[in-house]
Amino acid sequence: MSPLLLRKVSRKISQTANESFLLANNDVYKRILKMLHAKDVEKDAEAILNGISQAAHVAERFFTGRFADGAIENVALEIGQRLESIGVEADINQTPNRRVDSRRQILHVVSVVAFGGHMPFLYHWMQNDPASCHSIVLLNHRGSLPDRLTEAVAKQGGKLTVIPVNSSFMSRANSLRQLAKQEADLVLWHVICPDVLPVVAFATDQCPPVALIDHADHLFWLGSTVADIVVNLRLAGAKHSSRRRFAARTAVIPIPLRDRHANVSRDKARQKLGIEKNQVVLLSVGRALKYRPCGRYDFVATAGQILDHDPDAHLYVIGETPDGIKPYLRCAPHNRLHFMGSAKDPSLYLAAADIYLESFPYGSQTALLEAGLAGLPIVPAYAPLFPLLVANDDSLLDILPNPKNEQEYISNAAELIRNPSLRHARGKVLRDRILADHVGENWQKRLAELYKVTGALEHNPRPIPVSECTRENAGLSQWDAVADVHTSGTFVESDFESAVFSHKAFVAKYVGDYETARRFAWRAVLRSPSRWIFWRLFVIAMLGKPARSLRQCLRRA
Numbered sequence: 044m045s046p047l048l049l050r051k052v053s054r055k056i057s058q059t060a061n062e063s064f065l066l067a068n069n070d071v072y073k074r075i076l077k078m079l080h081a082k083d084v085e086k087d088a089e090a091i092l093n094g095i096s097q098a099a100h101v102a103e104r105f106f107t108g109r110f111a112d113g114a115i116e117n118v119a120l121e122i123g124q125r126l127e128s129i130g131v132e133a134d135i136n137q138t139p140n141r142r143v144d145s146r147r148q149i150l151h152v153v154s155v156v157a158f159g160g161h162m163p164f165l166y167h168w169m170q171n172d173p174a175s176c177h178s179i180v181l182l183n184h185r186g187s188l189p190d191r192l193t194e195a196v197a198k199q200g201g202k203l204t205v206i207p208v209n210s211s212f213m214s215r216a217n218s219l220r221q222l223a224k225q226e227a228d229l230v231l232w233h234v235i236c237p238d239v240l241p242v243v244a245f246a247t248d249q250c251p252p253v254a255l256i257d258h259a260d261h262l263f264w265l266g267s268t269v270a271d272i273v274v275n276l277r278l279a280g281a282k283h284s285s286r287r288r289f290a291a292r293t294a295v296i297p298i299p300l301r302d303r304h305a306n307v308s309r310d311k312a313r314q315k316l317g318i319e320k321n322q323v324v325l326l327s328v329g330r331a332l333k334y335r336p337c338g339r340y341d342f343v344a345t346a347g348q349i350l351d352h353d354p355d356a357h358l359y360v361i362g363e364t365p366d367g368i369k370p371y372l373r374c375a376p377h378n379r380l381h382f383m384g385s386a387k388d389p390s391l392y393l394a395a396a397d398i399y400l401e402s403f404p405y406g407s408q409t410a411l412l413e414a415g416l417a418g419l420p421i422v423p424a425y426a427p428l429f430p431l432l433v434a435n436d437d438s439l440l441d442i443l444p445n446p447k448n449e450q451e452y453i454s455n456a457a458e459l460i461r462n463p464s465l466r467h468a469r470g471k472v473l474r475d476r477i478l479a480d481h482v483g484e485n486w487q488k489r490l491a492e493l494y495k496v497t498g499a500l501e502h503n504p505r506p507i508p509v510s511e512c513t514r515e516n517a518g519l520s521q522w523d524a525v526a527d528v529h530t531s532g533t534f535v536e537s538d539f540e541s542a543v544f545s546h547k548a549f550v551a552k553y554v555g556d557y558e559t560a561r562r563f564a565w566r567a568v569l570r571s572p573s574r575w576i577f578w579r580l581f582v583i584a585m586l587g588k589p590a591r592s593l594r595q596c597l598r599r600a
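With positions in the sequence shown counted from 1, the corresponding number in the numbering used here is that position plus 43.
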């Protein structure tokens with residue numbers, strides 16, 4: 044099948060297909076809930092917390108029509124309210140010792156040290172808030188600590204605590220509770236993935252106020268029961284938190300950024316990177332999964348059409364490699380499309396670039412803002428699958444609308460390629476807007492306003508409503524499916540029934556339900572016996588837990 048025909052077929056993905064994936068995800072989620080609610084909270088608390096964690100990760104990875112759910116989170120809250128009566132001992136590798144300091148004591152709660160914009164956000168917050176003493180606790184960290192992290196905390200006069208990952212849920216939650224009670228005036232819980240530990244830890248009103256910083260407003264997460272305020276990074280996220288997450292209170296603070304615009308010249312940056320002076324350099328930055336095709340969206344194919352407009356145009360993608368994107372390709376990449384792999388600091392590429400292209404259907408708020416701060420004109424993602432899946436910054440909404448379709452995205456990029464003066468003018472406007480909201484004193488004023496609100500809060504954990512599966516944003520279920528290499532190959536043909544069978548099998552396998560996985564994998568094989576991916580899934584499901592254990596051992600080796 045030709046690339047053009049593939050793209051035409053993928054554009055015909057129906058709402059019915061999206062809903063089929065959604066309902067498949069919901070079936071597995073509900074099955075986990077049924078097992079959880081059959082257990083005794085007093086006798087099986089540890090097993091229940093493990094099940095809640097599993098259910099939350101399923102809902103995060105495979106969209107179930109929910110962004111929060113009292114059906115699992117209220118159970119964790121109940122366990123947390125009984126934590127001290129159970130008599131679980133805290134288990135941390137440092138002895139709490141409150142620093143003699145008159146400054147506001149901030150405890151940043153971080154589940155994992157993640158790649159992307161989350162850690163720079165934390166560093167910039169601390170650097171821009173010298174009036175507070177900042178400490179960090181890591182909940183699920185393995186291995187050595189990044190030097191930058193330890194140095195940042197030491198410079199602030201705070202403490203860096205690592206809670207042992209091999210301890211039980213209950214003891215780790217108690218460790219976090221005691222740390223917060225003894226050392227914090229305010230807890231800033233940075234949510235980038237579902238984590239049940241803080242829900243259990245902060246389930247008592249004896250803790251300081253908890254502000255949940257929402258780094259994942261497009262995903263399911265836990266925390267609304269114990270968050271006294273949900274701090275979003277954009278107004279659209281705050282509205283979403285109120286409507287779909289049952290947030291008690293919301294606030295908005297822009298992403299703090301560091302201005303490095305004048306650090307290196309364009310010519311010097313190009314010289315260091317080996318980029319020719321006459322190139323029109325387009326740049327895109329994001330994690331690898333953000334460049335994978337989904338339905339009618341195909342970044343690689345669209346990029347090829349853009350590059351055809353000018354023989355001097357080159358697109359550099361930071362965050363993905365040629366080998367990494369290969370399993371997802373629907374067409375051959377353009378010969379002037381360069382996948383450069385990951386870079387901890389893309390500032391040289393920002394200095395060398397002329398134009399920034401946001402990835403789609405999954406964009407990047409931080410990467411887009413850093414490009415604008417560098418003075419680059421931007422082509423934002425077109426026709427977002429979900430408003431929070433792409434950049435959506437309050438300071439730019441009136442001057443950087445999303446293109447309505449692929450052709451408008453291509454036309455906008457082509458216009459910038461042709462017109463250097465337009466590039467300069469648009470880049471300057473974007474830079475001025477971002478400076479006014481995200482950098483230095485201007486951002487510090489927003490932080491001071493937030494601290495006025497949090498300073499008046501008292502910690503008040505509470506249950507939240509139970510969520511049912513809704514078909515709103517059903518397209519997210521398809522995006523979650525194609526983002527995985529093991530299932531992405533099933534969604535480019537018109538026979539969606541095979542794809543749905545395969546997806547049901549994959550999600551069931553993911554949670555260890557091999558009986559269900561075998562049943563649906565076999566149905567996919569029977570319907571499309573020539574597809575090796577269905578046979579592979581069926582064999583893995585047949586091998587079951589032993590094969591899963593072997594794969595885990597091989598990954599750790």
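Built from N, CA and C at the ideal position, the CB exists for glycine as well. Please read these numbers as outputs of a predicted model, since none were measured by experiment.
Handout entry: Three-state secondary structure (DSSP) of TYR399
Key = Position 356 of the sequence shown, counting from 1, holds the residue named residue 399. Here DSSP, grouped into helix, strand and coil, assigns TYR399 to strand.
Practice task
Just tell me which of SER211, LYS447 and LEU443 has its CA closest to the CA of PRO427.
Solution key: Indexing the sequence shown from 1 puts residue 427 at position 384. Cα-wise, what sits closest to PRO427 is LYS447.
Exercise for the section: May I ask which residues mark the beginning and end of the alpha helix (DSSP H) holding SER218? Expected result: On the sequence shown, position 175 is the one that residue 218 refers to. 212-226 is the span of the alpha helix (DSSP H), which, as asked, contains SER218.
Practice task
Give the C-beta separation of HIS258 and HIS233 to the nearest angstrom, bearing in mind that I take them to be a contact with Cβ-Cβ under 8 angstroms.
Solution key: Counted from its first residue, the sequence shown places residue 258 at position 215. Counted from its first residue, the sequence shown places residue 233 at position 190. Right, the Cβ-Cβ distance comes to about 6 angstroms (below 8 angstroms), so this counts as a contact.
Practice task
Provide the residue span of the alpha helix (DSSP H) that contains ILE149, from first to last.
Solution key: The residue you call residue 149 lines up with position 106 of the sequence shown. Taken as a continuous stretch (DSSP letters only), ILE149 belongs to no alpha helix (DSSP H), being part of the beta strand (DSSP E) at 147-153.
Practice task
Compare the C-alpha of MET169 against each of VAL196, ASP144 and HIS161 and name the closest.
Solution key: Here residue 169 is taken as the residue at index 126 of the sequence shown, counted from 1. For MET169, the nearest C-alpha among the options comes from VAL196.
Problem - Sequence ranges, alpha helix (DSSP H) only - wholly within the region 268-323, length at least 4 - result: Those alpha helix (DSSP H) runs which fall completely within the region 268-323 and span 4+ residues are 278-287 and 309-316.
Exercise for the section: Go ahead and pull the three-state DSSP assignment for VAL509. Expected result: Translated into the one-based positions of the sequence shown, residue 509 becomes position 466. Coil, per DSSP.
Problem - Sufficient close CB pairs (3 or more, under 8 angstroms) joining the region 489-497 to the region 242-250 - result: Here the region 489-497 makes no contact with the region 242-250; the two share fewer than three CB pairs at distances below 8 angstroms.
Handout entry: Minimum C-alpha distance to HIS167 - residue among THR293, LEU393, GLU484 and SER211
Key = Your numbering for residue 167 matches position 124 in the sequence shown. With respect to the C-alpha of HIS167, the residue from THR293, LEU393, GLU484 and SER211 having the closest C-alpha is GLU484.
Practice task
State the DSSP-derived secondary structure class of ALA111, mapped to helix, strand or coil.
Solution key: Position 68 of the sequence shown, counting from 1, holds the residue named residue 111. Three-state result, ALA111: coil.
Exercise for the section: Identify, in the order they occur along the chain, each residue of the same chain with its Cβ nearer than 7 angstroms to the Cβ of HIS352, setting aside the five sequence neighbours on each side. Expected result: By one-based count along the sequence shown, residue 352 stands at place 309. ALA457 and ILE460.
Exercise for the section: Decide if the region 472-488 is in contact with the region 430-448; the criterion is three or more beta carbon pairs, one per stretch, under 8 angstroms apart. Expected result: yes
Handout entry: Residue range of the beta strand (DSSP E) that includes PHE382
Key = For this step, residue 382 is matched to residue 339 along the sequence shown. Its beta strand (DSSP E) spans residues 380-382.
Practice task
Give me whichever residues DSSP pairs with SER327 in a beta bridge.
Solution key: Within the sequence shown, residue 327 is the residue found at index 284, counting from 1. Note: SER327 sits in a beta bridge opposite VAL360.
Practice task
Tell me whether the beta-carbon of ILE235 lies closer than 9 angstroms to the beta-carbon of VAL328.
Solution key: Residue mapping note: residue 235 aligns to position 192 of the sequence shown, counting from 1. Residue mapping note: residue 328 aligns to position 285 of the sequence shown, counting from 1. Not in contact: ILE235 and VAL328 (Cβ atoms no closer than 9 angstroms).
Practice task
Could you check if GLU62 is buried or exposed, using at least 16 other CB atoms within 10 Å of its CB as the buried criterion?
Solution key: For the purposes of this step, residue 62 is taken as residue 19 along the sequence shown, with counting starting at 1. So GLU62 counts as buried.
Problem - Which listed residue (PHE403, GLN249 and ALA291) has its alpha carbon closest to that of LEU126 - result: Position 83 of the sequence shown, counted from the first residue, corresponds to residue 126. That would be GLN249, whose Cα lies nearest to the Cα of LEU126.
Exercise for the section: Could you tell me the distance, in whole angstroms, from the CA atom of SER96 to the CA atom of VAL554? Expected result: One-based indexing of the sequence shown puts residue 96 at position 53. One-based indexing of the sequence shown puts residue 554 at position 511. Looking at the two C-alpha atoms, the distance is approximately 11 angstroms.
Handout entry: Nearest residue (CA-CA) to SER218, options VAL84, LYS547, MET585 and LEU182
Key = If you number the sequence shown from 1, residue 218 lands on position 175. Here the closest residue by C-alpha is LEU182.
Handout entry: Three-pair Cβ contact test at 8 angstroms for the region 334-345 versus the region 409-423
Key = no
Problem - For ASP228 and GLN137, the rounded distance between their alpha carbons - result: Counting from 1 along the sequence shown, the entry for residue 137 is found at position 94. Counting from 1 along the sequence shown, the entry for residue 228 is found at position 185. With a pLDDT of only 49 at GLN137, under the threshold of 50, the placement of this residue in the model should not be trusted; the figure read from the coordinates follows. If I take the Cα positions, the gap works out to 19 angstroms.
Problem - Cβ pair count under 8 angstroms reaching 3, the region 317-331 against the region 385-393 - result: yes
Practice task
Taking only beta-carbon positions, decide if ARG191 is within less than 9 angstroms of chain C.
Solution key: Within the model displayed, chain C is absent; a lone protein chain is all it includes.
Handout entry: Distance between ARG514 and ARG574 (C-alpha atoms, nearest Å)
Key = In the sequence shown, residue 574 corresponds to position 531, counting from 1. In the sequence shown, residue 514 corresponds to position 471, counting from 1. When rounded, the distance between both Cα atoms is 30 angstroms.
Problem - Closest Cα partner of VAL509 within the set ILE256, VAL118, LEU92 and VAL543 - result: As a first step, residue 509 must be located in the sequence shown, where it is residue number 466. The candidate whose alpha carbon is nearest that of VAL509 is VAL118.
Problem - Span separating the alpha-carbon of ILE115 from that of ARG489 - result: For the purposes of this step, residue 115 is identified with residue 72 of the sequence shown, where counting begins at 1. For the purposes of this step, residue 489 is identified with residue 446 of the sequence shown, where counting begins at 1. Cα to Cα, ILE115 sits roughly 34 angstroms from ARG489.
Handout entry: Option in ALA157, ASP172, CYS176 and GLY160 with minimal Cα separation from ILE149
Key = Along the sequence shown, read from residue 1 onward, the residue named residue 149 stands at position 106. Looking at the Cα atoms, CYS176 is the closest of the given residues.
Practice task
May I ask you to list the residues that DSSP assigns as paired with HIS177?
Solution key: Counted from its first residue, the sequence shown places residue 177 at position 134. The partner list for HIS177 (beta bridge, DSSP) reads ILE149.
Exercise for the section: Within its chain, find whatever has a CB closer than 6 angstroms to the CB of ASP480; leave out the 5 residues flanking it on each side and keep chain order. Expected result: Position 437 of the sequence shown, counting from 1, holds the residue named residue 480. These residues qualify, in order along the chain: PRO297 and SER438.
Exercise for the section: Return the chain-ordered ranges of every alpha helix (DSSP H) run that is complete within the region 399-476 and spans a minimum of 4 residues. Expected result: 408-416 and 449-461
Practice task
Given a cut-off of 9 angstroms, decide if ALA396 and ALA414 are closer than it, judged by their beta-carbon atoms.
Solution key: Mapped onto the sequence shown, residue 414 falls at position 371. Mapped onto the sequence shown, residue 396 falls at position 353. ALA396 sits close to ALA414, with the two beta carbons spaced by under 9 angstroms.
Exercise for the section: Measure the CB-CB distance between ARG339 and VAL482 and report whether it falls below 9 angstroms. Expected result: Here residue 339 refers to the residue found at position 296 when the sequence shown is read from its first residue. Here residue 482 refers to the residue found at position 439 when the sequence shown is read from its first residue. Against a cut-off of 9 angstroms, the Cβ pair of VAL482 and ARG339 comes out as no contact.
Problem - Element boundaries [alpha helix (DSSP H), containing VAL101] - result: As a first step, residue 101 must be located in the sequence shown, where it is residue number 58. Start and end: 88-104.
Practice task
Whole angstroms is fine: what's the gap from LEU278's alpha carbon to VAL568's?
Solution key: Working through the sequence shown from its first residue, we reach residue 278 at position 235. Working through the sequence shown from its first residue, we reach residue 568 at position 525. Distance between the alpha carbons of LEU278 and VAL568 is about 46 angstroms.
Exercise for the section: Using three-state DSSP, classify VAL208 as helix, strand or coil. Expected result: Residue 208 sits at position 165 when you count from the first residue of the sequence shown. In this structure, VAL208 counts as coil in the three-state DSSP scheme.
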